[in-house]
Amino acid sequence: MTVPHPQDRSEEVAETSIGELIGNISNDLSRLFRQEVELARVELKQEATKAGKAAGLLGGAGFAGYLAVVLLSFAVVFGLANVMDAGWAALIVAVVWAIIGAVLYTTGRARLRAVDPTPRRTVETIKEDAQWLRNPTG
165 MTVPHPQDRS
175 EEVAETSIGE
185 LIGNISNDLS
195 RLFRQEVELA
205 RVELKQEATK
215 AGKAAGLLGG
225 AGFAGYLAVV
235 LLSFAVVFGL
245 ANVMDAGWAA
255 LIVAVVWAII
265 GAVLYTTGRA
275 RLRAVDPTPR
285 RTVETIKEDA
295 QWLRNPTG
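Be aware that the sequence shown starts at 165, since it is given in my numbering, and climbs by one per residue.
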């Protein structure tokens, strides 16, 4: 294997036209832009997945709460009606299910608020790229 002499390499660089250099820069910038867009897409997909799961929790909490209130409330009210007035039994059951629903709602809302829609890594790399473009030799 032969190692090119440094003088041969400098001749190659000298033969590279300005048009080729500009074309290379254009290709590099185009590739960089595509990579930044891909990174943003991946980050947004991750955050959308988290938001979807949180929304699913809220929907599930609402549906489960509805079914539980309707079906179990009747059973508990009828059970408590043997010990106390049916009106008081119904009120006690309603308060218990309201507390459970509030806890589920609060948990789902907290998780939904934790979702960050900003693609932070993409923003950082774009800032780095802009800095490099301003001062490519520094």
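Here a beta-carbon is modelled for each residue, glycine too, at the ideal position from N, C-alpha and C.
Cβ-Cβ distances below 8 Å link LEU276 to ALA215, ALA218, ALA219, LEU222 in the same chain, with the five nearest sequence neighbours on each side left out; the list follows chain order. DSSP, reduced to helix, strand and coil, places ALA212 within a helical segment of the structure shown. Between GLN210 and ALA294, the alpha-carbon positions lie close to 25 Å from each other. If you draw a 10 Å sphere on the C-beta of PRO283, you find 16 or more other C-beta atoms in it, and that means buried. Secondary structure of VAL241 (DSSP, three-state): helix.
One Cα belongs to PHE242, the other to TYR230, and the distance between them is close to 18 Å.
Between the C-alpha atoms of ALA228 and GLU202 there is a straight-line separation of about 38 Å.
DSSP places ASN191 in the helix class (H, G or I) of the three-state scheme.
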